[in-house]
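Asker:
Protein chains: 2
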Amino acid sequence: MNAIILAIGDELISGQHVDTNSAYLSDRLATVGIRALAHWTIGDELSAIEDAFKRAAAAAELVISTGGLGPTGDDLTRQGLSDAMQRPLALDADGLAMMEAFFADRGWTVSEANRVQAMLPEGSQALANIHGTAPGILAKLGEATVVCMPGVPHEMKAMFEQHVLSRFGSQSGAIVRRALKTFGMAESEVGVRLADLMTARGDTRVGTIVKAGVITINMQTRADSADQASRVLDDIAADVRRRLGVAVFGEDDATLGSVVGELLKPARQTLATVESCTGGLIGKMLTDTPGASDYYVGGVIAYSNRVKEDMLDVPAELLREFGAVSQKVAQAMAEGCRKLFASNWAISTTGIAGPTGGTEEKPVGLVHFALAGPSGTSTTYQHIAGTREIVRIRAARVALNMLRLALLDAQ
Amino acid sequence: MNAIILAIGDELISGQHVDTNSAYLSDRLATVGIRALAHWTIGDELSAIEDAFKRAAAAAELVISTGGLGPTGDDLTRQGLSDAMQRPLALDADGLAMMEAFFADRGWTVSEANRVQAMLPEGSQALANIHGTAPGILAKLGEATVVCMPGVPHEMKAMFEQHVLSRFGSQSGAIVRRALKTFGMAESEVGVRLADLMTARGDTRVGTIVKAGVITINMQTRADSADQASRVLDDIAADVRRRLGVAVFGEDDATLGSVVGELLKPARQTLATVESCTGGLIGKMLTDTPGASDYYVGGVIAYSNRVKEDMLDVPAELLREFGAVSQKVAQAMAEGCRKLFASNWAISTTGIAGPTGGTEEKPVGLVHFALAGPSGTSTTYQHIAGTREIVRIRAARVALNMLRLALLDAQ
Numbered sequence: 348m349n350a351i352i353l354a355i356g357d358e359l360i361s362g363q364h365v366d367t368n369s370a371y372l373s374d375r376l377a378t379v380g381i382r383a384l385a386h387w388t389i390g391d392e393l394s395a396i397e398d399a400f401k402r403a404a405a406a407a408e409l410v411i412s413t414g415g416l417g418p419t420g421d422d423l424t425r426q427g428l429s430d431a432m433q434r435p436l437a438l439d440a441d442g443l444a445m446m447e448a449f450f451a452d453r454g455w456t457v458s459e460a461n462r463v464q465a466m467l468p469e470g471s472q473a474l475a476n477i478h479g480t481a482p483g484i485l486a487k488l489g490e491a492t493v494v495c496m497p498g499v500p501h502e503m504k505a506m507f508e509q510h511v512l513s514r515f516g517s518q519s520g521a522i523v524r525r526a527l528k529t530f531g532m533a534e535s536e537v538g539v540r541l542a543d544l545m546t547a548r549g550d551t552r553v554g555t556i557v558k559a560g561v562i563t564i565n566m567q568t569r570a571d572s573a574d575q576a577s578r579v580l581d582d583i584a585a586d587v588r589r590r591l592g593v594a595v596f597g598e599d600d601a602t603l604g605s606v607v608g609e610l611l612k613p614a615r616q617t618l619a620t621v622e623s624c625t626g627g628l629i630g631k632m633l634t635d636t637p638g639a640s641d642y643y644v645g646g647v648i649a650y651s652n653r654v655k656e657d658m659l660d661v662p663a664e665l666l667r668e669f670g671a672v673s674q675k676v677a678q679a680m681a682e683g684c685r686k687l688f689a690s691n692w693a694i695s696t697t698g699i700a701g702p703t704g705g706t707e708e709k710p711v712g713l714v715h716f717a718l719a720g721p722s723g724t725s726t727t728y729q730h731i732a733g734t735r736e737i738v739r740i741r742a743a744r745v746a747l748n749m750l751r752l753a754l755l756d757a758q
Numbered sequence: 348m349n350a351i352i353l354a355i356g357d358e359l360i361s362g363q364h365v366d367t368n369s370a371y372l373s374d375r376l377a378t379v380g381i382r383a384l385a386h387w388t389i390g391d392e393l394s395a396i397e398d399a400f401k402r403a404a405a406a407a408e409l410v411i412s413t414g415g416l417g418p419t420g421d422d423l424t425r426q427g428l429s430d431a432m433q434r435p436l437a438l439d440a441d442g443l444a445m446m447e448a449f450f451a452d453r454g455w456t457v458s459e460a461n462r463v464q465a466m467l468p469e470g471s472q473a474l475a476n477i478h479g480t481a482p483g484i485l486a487k488l489g490e491a492t493v494v495c496m497p498g499v500p501h502e503m504k505a506m507f508e509q510h511v512l513s514r515f516g517s518q519s520g521a522i523v524r525r526a527l528k529t530f531g532m533a534e535s536e537v538g539v540r541l542a543d544l545m546t547a548r549g550d551t552r553v554g555t556i557v558k559a560g561v562i563t564i565n566m567q568t569r570a571d572s573a574d575q576a577s578r579v580l581d582d583i584a585a586d587v588r589r590r591l592g593v594a595v596f597g598e599d600d601a602t603l604g605s606v607v608g609e610l611l612k613p614a615r616q617t618l619a620t621v622e623s624c625t626g627g628l629i630g631k632m633l634t635d636t637p638g639a640s641d642y643y644v645g646g647v648i649a650y651s652n653r654v655k656e657d658m659l660d661v662p663a664e665l666l667r668e669f670g671a672v673s674q675k676v677a678q679a680m681a682e683g684c685r686k687l688f689a690s691n692w693a694i695s696t697t698g699i700a701g702p703t704g705g706t707e708e709k710p711v712g713l714v715h716f717a718l719a720g721p722s723g724t725s726t727t728y729q730h731i732a733g734t735r736e737i738v739r740i741r742a743a744r745v746a747l748n749m750l751r752l753a754l755l756d757a758q
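Same order as they appear, the protein sequences are chains A and B. Residue numbers for the first sequence follow my numbering, beginning at 348 and rising by one. Residue numbers for the second sequence follow my numbering, beginning at 348 and rising by one.
And the structure:
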């Protein structure tokens, strides 16, 4: 089975917004053996939408669109599909009921403006949206199956996973993908260690992609069944892990925050954070993981020197003599934090995130880190290249990775 | 003038990699008045590439492709264009000279494998690539102008800016864009208030896009000059602001974090945060803005009840009687935080981010907020729909918006 994926919206075709939905859908369709032939992006233009549905339905067995299902005047997907199908829009009882249930859960009622979202082409079927007001649409156009979903990614993903993917099952073999994530090894070194795997061009492919210090090793293979493909990937993943060692911190959706939690939890140990330049980002990364309260006690965002002194007992002399961005202050912050929260571990960051504020001695991107733990405090520093955003993300990851390596050592 | 943009590559159509080149090109073409009609993404398949070039050249005046110019067997853009043009590939002297210069700069010589990159369809012209080996291609296909560029974004961007954009100059006027950002008004309400602007389909377009509660009003217009277009947008922006009132918090790159800073700074007032369910995200959002230390003192991530009691003096009875997720506790947290940091303002969040941990009385997505300020403390709560990530982002924004509205009131 093959598919064409449409992304509909002026904000996409104008370049104001990057479409990530189509890549997500291609990736997920592959897991049940459905191959994407093309992604088409078009604007909020009725004739263009009608034309795209018609041409896609003539060229592919499955047509999936995202976007244009909102309640406003520039949401034209319903009308475009209706025109392509030559079936008028009519108020869909199921769609309306879904919206009413969504609104009732929140103590609201469906407004006149929202009712238009339950107007579907006659003969089509509404798909429930658990995260938003717009129902999706399932319809036939000629021989093709058409699915229309909202453009908001988390609404689309929930709808796709619950109501769309299961309809198609696994029909033509399976492509299985897996990712290993690494931190702390240079990309060129990863490239050298995996060179032979990365140049192979058969059913099994290995590639890397880098983002703010995390190098993800993408592996994929195609086989008659998902089980068979998974077994092939098991072997490759084991091989990659052997080659890259402790740099590999997890698979697929693992983050440094979640992995640190998986190490702390069984050890019944707790963590606190004190952040200057990262400004809460480490806390945010740790609490991205549900259940983080089992090991993450809390933290201080010590953005001003006064907070460093008053709350964390960083001696004023250290701040005067070495400056806030220094090994000594990072160490005092971590130790003060560990005491304040009575936690087993505490991590600190203090640095110059930029874009201004750097000096010759302490340039933008310089970040000092400390980790206070049961057997003392260790410190490190890095010069991080990049924008303010990159410096902060990478600094947060360096701090979490420092803790990860210490926890592995302590095992 | 109008354009169709092609993105070519198996990694794109398979969903392993998100195409950002097409959005970049749309955005940049608009600055010289060229409107993108569609983006098409296809895989490394010769017939699909040939077909896409033919259909695009029939539908648009300008066709721009990215990807498929590398030296390996899966780089098929040159051959695909050659087939579409019905002109054979031939070694291009200019293209070869460009590659030789690129390699010579690095002390290398052009390998046999690389020479294929200088094979261009007869009658086309090579475009220099300062960051990589593959020359670009400029050709005619029927009435259309075709430009092929590499897929690596920084190679593509340099080539486009230096050798492509200037060719088209500003021949059909300029398209200018602006965005207004709103928070706190339902999308359907925004749609009703802007209905006539959003359904207009002339040179001026108004559309909306929603992301975790922020509704962005995208406005664009086309005029003979950028100045003229800017004046038209001034009027539209003023009109939109009148219609949406205080829901509009800023333009273009403004965030709730940066806007709150712009209000605090001239008033010489300071802010502290105390976060439970948002876990540092509000601090992160505030410190995304360079110079936030002028008004943001710091915060506490109060992820455990003990931290709420010990550091913020939240009475244990409140926690017992009402639970951590309650109006009373949110209020005590904000007041304790304001005192602890001796700041003018303090904002607090406490809620159930999910995906588990909800009860009938306190479902996932329930978040309580408090704002302690010079003239007392106000509280509010929301039921936020969505994933853990969305609940947290939106909660952080609700808290910042609460402060923004109080600061506007206090002006």
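For each residue, glycine too, the CB sits at the ideal point set by N, CA and C. Computed from a prediction, not measured in an experiment: that's the story for all the values here.
#1: Comparing C-alpha positions only, which one of L666(B), I629(B), P482(B), E622(B) sits nearest to I648(B)?
#2: For L474(A), which residues of its own chain have a beta-carbon under 8 Å away from its beta-carbon, when the five flanking residues on both sides are left out?
#3: Is the separation between the beta-carbon of N368(B) and that of M503(B) shorter than 9 Å?
#4: Any beta carbon of chain A sitting closer than 9 Å to that of T563(B)?
#5: Name the residue from I564(A), C624(A), G470(A), L544(A) whose alpha carbon lies nearest to the alpha carbon of G704(A).
#6: Beta-carbon within less than 6 Å of N565(A)'s beta-carbon, same chain only, minus the 5 sequence neighbours each way: which residues are those?
#7: Go through the region 578 to 623 of chain A residue by residue and report every complete run of the alpha helix (DSSP H) that reaches 4 residues or more, in order.
#8: Mapping DSSP to helix, strand and coil, what is N461(B)?
#9: Counting only Cβ pairs nearer than 7 Å, list the residues of chain A close to F530(B).
#10: What first and last residue would you give for the beta strand (DSSP E) that runs through G698(B)?
#11: Would you mind telling me which residues of chain A sit closer than 8 Å to D374(B), beta carbon to beta carbon, in chain order?
#12: Can you grab the Cα-Cα spacing for the pair A385(A) / T378(A), in whole Å?
#13: List, in order along the chain, the chain A residues whose C-beta lies closer than 9 Å to that of Y643(B)?
#14: Between which two residues does the alpha helix (DSSP H) carrying G630(B) extend?
#15: Since D391(A) meets chain B, which of its residues come closer than 7 Å, beta carbon to beta carbon?
#16: If the criterion is Cβ atoms closer than 9 Å, does the pair V595(A) and K675(A) meet it?
#17: Alpha carbon to alpha carbon, what distance is there between S471(A) and G487(A)?
#18: Could you tell me which residues DSSP puts in a beta bridge with Q729(A)?
#19: Can you give me the start and stop residues for the beta strand (DSSP E) that H386(A) sits inside?
#20: With a threshold of 9 Å between beta-carbons, can D305(B) be considered close to chain A, or not?
#21: Which chain B residues are close to L349(A), counting only those with a beta carbon under 7 Å from its beta carbon?
#22: Using three-state DSSP, classify T419(A) as helix, strand or coil.
#23: Considering only DSSP beta bridges, list what T413(A) is partnered with.
#24: Please name the residue, chosen from A521(A), D635(A), F688(A), that lies closest to L659(B) on a Cα-to-Cα basis.
#25: Output yes if chain A places a C-beta closer than 9 Å to the C-beta of G417(B); else output no.
#26: Would you kindly check if the distance between the Cβ of A370(A) and the Cβ of A407(A) is under 9 Å?
#27: Quick one: give me the first and last residue of the alpha helix (DSSP H) that I477(A) is part of.
#28: Can you give the Cα-Cα distance for L611(B) and W692(B), rounded to whole angstroms?
#29: Would you please state the rounded distance, in angstroms, between the beta carbons of L718(B) and I694(B)? I believe it to be under 8 Å.
#30: Is the Cβ of Q567(A) closer than 9 Å to any Cβ of chain B?
#31: Could you pull out every residue in the same chain whose Cβ sits closer than 6 Å to the Cβ of Q447(B), ignoring the five residues on either side in sequence?
#32: Am I right that L423(A) and I396(A) are in contact with their C-beta atoms under 8 Å? What's the rounded C-beta distance?
#33: Which residue or residues does DSSP assign as beta-bridge partners of A570(B)?
#34: Mapping the DSSP letters down to three states, classify Y643(B) as helix, strand or coil.
#35: Using beta carbons (cut-off 9 Å, strictly below), is N461(A) in contact with chain B?
#36: Would you mind giving the Cβ-Cβ distance between D366(B) and D391(B), rounded to the nearest angstrom? I have them listed as a contact below 8 Å.
Answerer: Looking at the atomic coordinates:
#1: For this step, residue 648(B) is matched to residue 301 along the second sequence. It is E622(B) whose Cα lies nearest to the Cα of I648(B).
#2: For this step, residue 474(A) is matched to residue 127 along the first sequence. If we look at L474(A) and ignore the five residues flanking it on each side, its Cβ neighbours are P482, G483, I484, L485, V494, M496, M506, H510, V511.
#3: Counting from 1 along the second sequence, the entry for residue 368(B) is found at position 21. Counting from 1 along the second sequence, the entry for residue 503(B) is found at position 156. Going by C-beta atoms, N368(B) is nearer than 9 Å to M503(B).
#4: Mapped onto the second sequence, residue 563(B) falls at position 216. At least one chain A Cβ lies under 9 Å of T563(B).
#5: Taking the first sequence and counting its residues from 1, the one referred to as residue 704(A) is at position 357. Of the listed residues, the one whose Cα sits closest to G704(A) is C624(A).
#6: Position 218 of the first sequence, counted from the first residue, corresponds to residue 565(A). Contacts found: A526, G554.
#7: 603 to 611
#8: The residue given as residue 461(B) occupies position 114 in the second sequence. Residue state, collapsed to three classes: helix.
#9: Along the second sequence, one-based indexing puts residue 530(B) at 183. Going along chain A, no residue has its Cβ under 7 Å from F530(B), so there is no contact; the nearest lies around 16 Å.
#10: Indexing the second sequence from 1 puts residue 698(B) at position 351. Element bounds for G698(B): 692 to 698.
#11: Your numbering for residue 374(B) matches position 27 in the second sequence. Near D374(B) (Cβ distances below 8 Å), the residues of chain A are S361, G362, Q363.
#12: What you label residue 385(A) is simply residue 38 of the first sequence in a count that begins at 1. What you label residue 378(A) is simply residue 31 of the first sequence in a count that begins at 1. Straight-line Cα distance between these residues: approximately 17 Å.
#13: Position 296 of the second sequence, counted from the first residue, corresponds to residue 643(B). G626, I648, Y650, S651, listed in chain order.
#14: Residue numbering aside, residue 630(B) sits at position 283 when the second sequence is read from its first letter. 628 to 634 is the extent of the alpha helix (DSSP H) around G630(B).
#15: Translated into the one-based positions of the first sequence, residue 391(A) becomes position 44. Going along chain B in sequence order, the residues near D391(A) (Cβ under 7 Å) are G554.
#16: Stepping through the first sequence from its first residue, residue 595(A) is reached at position 248. Stepping through the first sequence from its first residue, residue 675(A) is reached at position 328. No, Cβ-Cβ distance for V595(A) and K675(A) is not below 9 Å.
#17: Mapped onto the first sequence, residue 487(A) falls at position 140. Mapped onto the first sequence, residue 471(A) falls at position 124. Just to set this straight, residue 487(A) is Lys in the shown sequence, not Gly. If I take the Cα positions, the gap works out to 7 Å.
#18: Within the first sequence, numbered from 1, the residue matching residue 729(A) stands at position 382. Its beta-bridge partners are V714(A).
#19: Sequence index remark: in the first sequence, residue 386(A) carries index 39 (1-based). Counting along the chain, the beta strand (DSSP E) containing H386(A) begins and ends at 382 to 389.
#20: Look at the range of chain B in this structure, 348 to 758, and you will see that residue 305(B) is not part of it.
#21: As a working mapping, residue 349(A) is identified with position 2 in the first sequence. Here residue 349(A) turns out to be Asn, not Leu, going by the sequence shown. Correct list: empty, because the minimum Cβ distance to chain B is about 11 Å.
#22: For this step, residue 419(A) is matched to residue 72 along the first sequence. Three-state result, T419(A): coil.
#23: Here residue 413(A) is taken as the residue at index 66 of the first sequence, counted from 1. A354(A), M496(A), per the DSSP bridge assignment.
#24: If you number the second sequence from 1, residue 659(B) lands on position 312. It is F688(A) whose Cα lies nearest to the Cα of L659(B).
#25: Here residue 417(B) refers to the residue found at position 70 of the second sequence. By this cut-off, G417(B) is not an interface position.
#26: Here residue 407(A) is taken as the residue at index 60 of the first sequence, counted from 1. Here residue 370(A) is taken as the residue at index 23 of the first sequence, counted from 1. No. Outside cutoff.
#27: Taking the first residue of the first sequence as 1, we reach residue 477(A) at position 130. Segment: none, I477(A) is in no alpha helix (DSSP H) and carries neither H nor E.
#28: Counting from 1 along the second sequence, the entry for residue 611(B) is found at position 264. Counting from 1 along the second sequence, the entry for residue 692(B) is found at position 345. L611(B) and W692(B): Cα-Cα distance of roughly 10 Å.
#29: Start at 1 with the first residue of the second sequence, and residue 718(B) comes out as number 371. Start at 1 with the first residue of the second sequence, and residue 694(B) comes out as number 347. Confirmed, about 5 Å.
#30: Residue mapping note: residue 567(A) aligns to position 220 of the first sequence, counting from 1. By this cut-off, Q567(A) is an interface position.
#31: Numbered from its first residue, the second sequence carries residue 447(B) at position 100. With the sequence shown as reference, residue 447(B) is identified as Glu, and Gln is not the correct amino acid for it. Correct list, in chain order: V457.
#32: Translated into the one-based positions of the first sequence, residue 423(A) becomes position 76. Translated into the one-based positions of the first sequence, residue 396(A) becomes position 49. The pair is a contact, with the Cβ atoms about 6 Å apart (cut-off 8 Å).
#33: Your numbering for residue 570(B) matches position 223 in the second sequence. Beta-bridge pairing links A570(B) to A521(B).
#34: Start at 1 with the first residue of the second sequence, and residue 643(B) comes out as number 296. Three-state result, Y643(B): strand.
#35: Start at 1 with the first residue of the first sequence, and residue 461(A) comes out as number 114. Judged by the 9 Å Cβ criterion, N461(A) is in contact with chain B.
#36: Within the second sequence, numbered from 1, the residue matching residue 366(B) stands at position 19. Within the second sequence, numbered from 1, the residue matching residue 391(B) stands at position 44. Rounded, the Cβ-Cβ distance is 14 Å, inconsistent with contact.
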